[in-house]
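Trainee:
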Amino acid sequence: MGREALRKDETASEEARKPESDVPYFPDLPERVPYEGPKSKNPLSFRHYDASQTIGNKTMAEHLRFAICYWHTFKGTGADPFGAPTWIRAWDTSPDPMERARNTMDAAFEFMSKLGVPFWCFHDRDIAPEADSFDQSTKNLQAMVEYAEERQWETGINLLWGTANLFSHPRYQSGAATNPDPHVFAYAAAQVRRAMDATHTLKGQGYVFWGGREGYDTLLNTNMKQEREQLARLLHMAVDYKKEIGFQGQLYIEPKPMEPTKHQYDSDAESCLNFLREFDLLAHLKLNLETNHATLAGHTMVHELQTARNANALGSIDANMGDTLLGWDTDQFPTNIYLTTEIMLEVLRMGGFTTGGLNFDAKLRRPSSDPIDLAYAHIGAMDAFARGLQIAHAIQQDGRLDKFVKDRYADWKSDFGQNILAGKANLADCESYILNSGEPTQRSGRQEMLENLINGFM
Ligand code: XLS
Ligand code: NI
Ligand code: NI
Numbered sequence: 002m003g004r005e006a007l008r009k010d011e012t013a014s015e016e017a018r019k020p021e022s023d024v025p026y027f028p029d030l031p032e033r034v035p036y037e038g039p040k041s042k043n044p045l046s047f048r049h050y051d052a053s054q055t056i057g058n059k060t061m062a063e064h065l066r067f068a069i070c071y072w073h074t075f076k077g078t079g080a081d082p083f084g085a086p087t088w089i090r091a092w093d094t095s096p097d098p099m100e101r102a103r104n105t106m107d108a109a110f111e112f113m114s115k116l117g118v119p120f121w122c123f124h125d126r127d128i129a130p131e132a133d134s135f136d137q138s139t140k141n142l143q144a145m146v147e148y149a150e151e152r153q154w155e156t157g158i159n160l161l162w163g164t165a166n167l168f169s170h171p172r173y174q175s176g177a178a179t180n181p182d183p184h185v186f187a188y189a190a191a192q193v194r195r196a197m198d199a200t201h202t203l204k205g206q207g208y209v210f211w212g213g214r215e216g217y218d219t220l221l222n223t224n225m226k227q228e229r230e231q232l233a234r235l236l237h238m239a240v241d242y243k244k245e246i247g248f249q250g251q252l253y254i255e256p257k258p259m260e261p262t263k264h265q266y267d268s269d270a271e272s273c274l275n276f277l278r279e280f281d282l283l284a285h286l287k288l289n290l291e292t293n294h295a296t297l298a299g300h301t302m303v304h305e306l307q308t309a310r311n312a313n314a315l316g317s318i319d320a321n322m323g324d325t326l327l328g329w330d331t332d333q334f335p336t337n338i339y340l341t342t343e344i345m346l347e348v349l350r351m352g353g354f355t356t357g358g359l360n361f362d363a364k365l366r367r368p369s370s371d372p373i374d375l376a377y378a379h380i381g382a383m384d385a386f387a388r389g390l391q392i393a394h395a396i397q398q399d400g401r402l403d404k405f406v407k408d409r410y411a412d413w414k415s416d417f418g419q420n421i422l423a424g425k426a427n428l429a430d431c432e433s434y435i436l437n438s439g440e441p442t443q444r445s446g447r448q449e450m451l452e453n454l455i456n457g458f459m
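For the sequence shown, my numbering begins at 2 and goes up steadily by one.
Structural data, given as C-alpha cells:
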C-alpha cells in the first residue's frame, strides 16, 4: 500500500510519516465524524454522542471511555464454520506479514481517530504475526509495539488494555495455563510476560485474562482440581511480574461460560469471584464483563455488573450484545438502548470507570462486508451508549427508582433489623419477635409500576 514510508526505522521526513497524507483506508469518513444532534439524517454523524457535553460532573467522553477492539474490527474476516471470509480488506492484502501488520495498524489508527475514540484494545497476535520461533514472534511484537507507540503519539489515542491470545494456536488445544503439559503452560506464561511488556510500553491502563481454552470438553480426561490450581499459578506469576516491571495498570479476568470449551472455569462473575477468593487473588484482579457472555451464562448483564460491583470488583466492560435465539457468542454491536441504559446505571452507581471503559468487543454480521459498515456499527453503538448514559443519569437525578428500593428495605433500619444484620439476634429472638408481632403485612414489589417508570425516560 506504499505505507512503508511511515516506518520509524526509515529516515522518513516528518511529512511522509503522517498517515493522513497517504491514501486513506476509509476515504468516505471525514477527518472527524461530527456530532449533529438527534434530528440529523446523516448516517455518518453522531446523534447523541457529543464527546464534550457534560453529564453530571463529567463529559460524555470521560464517562464512556470508548475503546475499539483490534481483533474483530481490523483482523476479523467474516469467516464462520460454514463459509469463507467475506470481508476483504485493503490493509490485509500484502504477502509480507509484517507489512500487513503495519498496514493494519495504519488503518486502525485512521479509523479510530476519525471516530474520535479515545482508546483501543489488542491481543499480542492481533498486532504482530506469530513466527516460527518464540523469539522471532517476540521480535515481531516488539517492532509492532514501537510502531503503535508512534501511532498513539500522533493521534493521542491510548491503550485501554492489552492481552495475550492463548487460544488460537494448535498448541493450546487442551488449554494454556490449564494444559496437562507444563511445557504448554510455560509457553503461555512466556507469552503473557511479553504481552504484559507490550501493554506496559504502550502505557495500557489494564491487562485482561480471558481464559479462551481454560476449561474442559469432558471430565473423563480432566483433573479439574489441578487445572484450577494451574490457572491460579499463572495469575500469581502475572501479579508478581506486574510488580517487577512497575506496571501500574489494572489486571482483569473476563468471565465466559462456554465456547470454545463446554465448560470454562471462569464461567460467570460469581464463579470468577469465588476463584479469585479461593486463590488469594481478589486484591489483584477485577472483572472485565462482557454482555454476550452474561447472556450465554443465563444471566442478565445487570446481574453480572451488580455481582461484580458488590464485591468492589467491577473493572471494565466489553460492550456488545447477543441474540437470545442463537446459542453462541455472536458479539453483535450494542444497539439496544434499554440495555445500554441498564449498563450505564450500574456504571454511574459505582461512581464511574477508573481504569476501565466500554470496549466494543463486537463484530459485523457476515454480509456487512464494506469497511464503511464498521463506521455505521461503531457510530450506532456509541450513540446507543451516549443515549443510555443520558437516560441513566436522568433516572438517577429523578431519584424515584433508588428511593423505591431504599423504602422497600426501610424496616431493616429498625433496631430489630439492625440486630439481625449485626449478628446480634438468633433464631429464638426471631421467634419472640413473631410471637409479639404476629403475621407480617403483605407488600407489593411493584415491578410493573417500576417498568413503567423506566419507560417514562426512554
Ligand atoms: C471472547 C472474548 C475475547 C476477550 C479478549 O469471547 O470476549 O474477545 O475479550 O481475549
Ligand atoms: Ni471480550
Ligand atoms: Ni466474547
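All C-beta atoms, glycine included, are put in the ideal place defined by N, C-alpha and C.
#1: Please state whether the Cβ-Cβ distance between P119 and I56 is less than 8 angstroms.
#2: For L402 and L454, which I take to be in contact (beta-carbon distance under 8 angstroms), what is that distance rounded to the nearest angstrom?
#3: Taking 7 angstroms as the cut-off, does the CB of K257 come closer than this to any heavy atom belonging to ligand 1?
#4: How big is the Cα-Cα spacing for A284 and D269?
#5: Express the C-alpha separation of T355 and G77 in angstroms, rounding to a whole number.
#6: Per DSSP, E291 is paired with what?
#7: Look at the alpha carbon of M225 and the alpha carbon of A191, and state the distance between them as a whole number of angstroms.
#8: Taking the alpha-carbon of A393 as reference, which of A387, E440, T342 and R33 has the nearest alpha-carbon?
#9: Is the Cβ-Cβ distance between A363 and P335 less than 8 angstroms?
#10: So Y253 is in the beta strand (DSSP E); what residue range does that whole segment cover?
#11: What does the alpha-carbon distance come out to for the pair M145 and A91?
#12: Excluding the 5 residues flanking A189 on each side, which residues of the same chain have their C-beta closer than 8 angstroms to its C-beta?
#13: Compute the Euclidean distance between the alpha carbons of G353 and T139, then round it to the nearest angstrom.
#14: Taking 7 angstroms as the line, does the beta carbon of D362 fall inside it for any heavy atom of ligand 2?
#15: Could you tell me whether the Cβ atoms of E365 and A378 are closer together than 8 angstroms?
#16: Quick one: grab the DSSP three-state call for T219.
#17: What is the DSSP secondary structure of T296, reduced to helix, strand or coil?
#18: Leaving out five residues on either side along the sequence, give the residues of the same chain with a beta carbon under 7 angstroms from the beta carbon of P441.
#19: By the DSSP assignment, the alpha helix (DSSP H) with H170 in it spans what residues?
#20: Decide if S134 is buried, meaning its Cβ has at least 16 other Cβ atoms within 10 Å, or exposed.
#21: Buried or exposed for N321, please, with buried defined as at least 16 other CB atoms from any protein chain shown within 10 angstroms of its CB.
#22: Which residue comes first and which comes last in the alpha helix (DSSP H) that contains W154?
#23: With a threshold of 7 angstroms on Cβ separation, who are the neighbours of Q265 within its own chain once the five nearest residues in sequence on each side are excluded?
#24: In this structure, what does DSSP give as the bridge partners for T164?
#25: Grab me the residues of P44's own chain with a C-beta within less than 7 angstroms of its C-beta, minus the 5 sequence neighbours each way, in chain order.
#26: Going by the CB atoms, is the gap between I69 and M113 shorter than 8 angstroms?
#27: Rounded to whole angstroms, what is the Cα-Cα separation between D23 and H64?
#28: Do R101 and D93 have their beta-carbon atoms positioned less than 8 angstroms apart in this structure?
#29: Just curious, the beta strand (DSSP E) that A68 is in, first and last residue?
#30: At which residue ranges does the segment 300 to 359 contain complete alpha helix (DSSP H) runs of 4 or more residues, listed in the order of the chain?
#31: Count the other CB atoms, across all protein chains shown, that sit within 10 Å of the CB of S169; report buried if there are 16 or more and exposed otherwise.
#32: Looking at the structure shown, is H379 part of a helix, part of a strand, or coil, going by DSSP?
#33: What is the DSSP secondary structure of D97, reduced to helix, strand or coil?
Mentor: Taking the definition as stated:
#1: no
#2: 6 angstroms
#3: yes
#4: 18 angstroms
#5: 29 angstroms
#6: D319
#7: 23 angstroms
#8: T342
#9: yes
#10: Q251 to I254
#11: 19 angstroms
#12: A165, L167, Y173, A177, A178, N180 and L235
#13: 36 angstroms
#14: yes
#15: It should be pointed out that residue 365 corresponds to Leu in this sequence rather than to Glu. It is a contact, given that the beta carbons lie within the stated cut-off.
#16: coil
#17: helix
#18: none
#19: Segment: none, H170 is in no alpha helix (DSSP H) and carries neither H nor E.
#20: exposed
#21: buried
#22: F135 to T156
#23: G212, E215, G216, K257, P258 and M259
#24: H124 and V209
#25: Y377
#26: yes
#27: 33 angstroms
#28: yes
#29: F67 to C70
#30: 302 to 311 and 338 to 350
#31: exposed
#32: helix
#33: coil
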